[in-house]
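Let me begin by presenting the structure, written as structure tokens, before commenting on it.
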Amino acid sequence: MAHAEDQLKAVMHRAISAYRLLIVDEIGYLPTNREQANLFFQVIAAHYEKCSLIVTSNLPFGQRDATFVQDSTLTAALLDRLLHHAHIVPIAGESYRRKHQRQAGMVLAKKAAVTTAA
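Start counting the sequence shown at 2; every next residue gets the next number (the working numbering).
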């Protein structure tokens, strides 16, 4: 079992290494276990200063430890590599998906106040 996992990791590493741009969308959207967090760190460390990387997340920097199983050491090492040559583009405001749904009448802008007759 461990040998098969090592082979899978090697195949994935070779596949990812073939690209000059790696895009990681919605980091932190799903919880990760320790092994997943370590694998992600290995991918980032292996590509550090060798290729371009785009990472998106809805989490503010203060909540990053929650992304990686409350491991502040791993999170610090990962952020160190991610932020070293980073151009951070903060995006504020309503989600474009939600905005389009609201404009199409699929989502209410705000919940209407419920009133009852006395």
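Quick reminder that beta carbons are idealized off the backbone N, C-alpha and C, glycines included.
Give the C-beta separation of residue i and residue j to the nearest angstrom, bearing in mind that I take them to be a contact with Cβ-Cβ under 8 Å.
i	j	result
Glu27	Thr57	6 Å
His14	Ala47	7 Å
Quick one, which of the options has its alpha-carbon nearest residue i's?
i	options	result
Tyr30	Pro61, Tyr97, Glu36	Pro61
Gln71	Asn34, Val25, Ala16, Ala11	Asn34
Ser18	His4, Ala5, Glu50	Glu50
Asp7	Glu36, Pro32, Ile24	Glu36
Ser73	Ile55, Val25, Phe42, Cys52	Phe42
Would residue i be called buried (16 or more neighbouring beta carbons within 10 Å of its own) or exposed?
i	result
Leu79	buried
Ala38	buried
Ile45	buried
Any idea what DSSP makes of residue i, helix, strand or coil?
i	result
Leu79	helix
Leu40	helix
Leu31	coil
Ser18	helix
Ile55	strand
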